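Just so we're aligned, residue 1 is where the sequence shown starts under UniProt numbering, counting upward by one.
We put the CB at the ideal spot given by N, CA and C, even for glycine.
The structure presented is a predicted model; accordingly, all values stated were derived computationally and were not measured.
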Amino acid sequence: MHDLASHNKFSVCVVLALFASLGVNLVSICIHIATNANNRAYGSYTSTLPIQIRRAALVTNGSAKRYGLNADQDWISLTPPGHGFFVKDQQYFGVSMYHQIHCLNALRRIIVADHQNQSTKYNAHAHHCLAYLREMILCNADTTLEPSKAVLLSDGRTSRPVTGWRVTHECRDWVQVRDFVQENYLEWKDSDEFADATDVPISGRGLNLMYHWEMDGRVDE
C-alpha cells in the first residue's frame, strides 16, 4: 500500500509538472507572437505590409501594346506617388514589388540608352538590378506549368519552345497593394519633399536610374 501511495503521488506530481510546463510554453508562445506581430507591422524592422493580400489571377499576354522599350510614361505609371514607399512613424520602407518594377524599368532604360551610346556609366546599377531580380524570381519560385510545343527545325532537329503566353498564374492582388500604398502616401506626402520627386523619362533630362533616396528628401541621380 505504501508503494502504491508513493507511486500515485509521484504520478500526480509528474502530471502537474507537465501542465505547468505547458502553461509556461503557451505564455511564451503568446508573447512571441504578439512581439513578432508588432515588429512585423511598425517596429524597428518591418517584413511585410500590414495587410492581408487577396489572391488574384493573371493570364500572360505577349501581344500587349503597352510597356514597350520606349514607353516611358507607361513604365512610370506602374509606380504610385511616393515611389512605392511605405512610411510609418517616420520610418521609410521600400516595397519590394516596386523595387522590382524599378529595376526592370532601369534595365529597359539601359537597353534604350545603349542604342544612344550612353549606357556604359550605368553598368553598376544594371549589375545590381540583374542580381536583385534574379533573387526575387528565385524567392517567389513560381511553379506554374507552361506548355511546350514541339517544332521541327530546318536542320531536322526538334525544338520545344516555351513562350509563357496565355498561361494563368496564381498571384497576389497587386491592385490592392497599390491602393494601400497610395493611401499610406496621403498620410506622409505633405511632410517630406521626397514625396514630390518624380522619375524622369529618357526624353527628359537623361537617365534617372539610381534610386538612392536620402531622408532629407533629395533624390541622388
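Per DSSP, the continuous beta strand (DSSP E) segment holding valine 59 begins and ends at 55-59. Aspartate 173 sits close to alanine 56, with the two beta carbons spaced by under 7 Å.
Residues of the same chain with a CB within less than 8 Å of the CB of methionine 97, apart from the 5 flanking positions on each side, are Gly84, Trp174, Val177 in chain order. Nearest neighbour of glycine 94 by Cα position, chosen from Ser148, Tyr185, Lys65, turns out to be Tyr185. Where valine 87 is concerned, the enclosing beta strand (DSSP E) starts and stops at 85-88. Boundaries of the beta strand (DSSP E) around glutamate 170: 168-172. The three-state reading of DSSP puts serine 159 in strand, counting E and B together.
Closest option to serine 47, judged by alpha-carbon separation, among Asn105, Tyr92, Arg108: Tyr92. Contiguous alpha helix (DSSP H) elements confined to the region 101-140 occur at 123-140, taking only those with 4 or more residues.
Rounded to whole angstroms, tryptophan 165 and cysteine 171 show a C-alpha spacing of 16 Å. Classified as exposed, asparagine 140 has fewer than 16 neighbouring CB atoms from the shown chains inside 10 Å of its CB.
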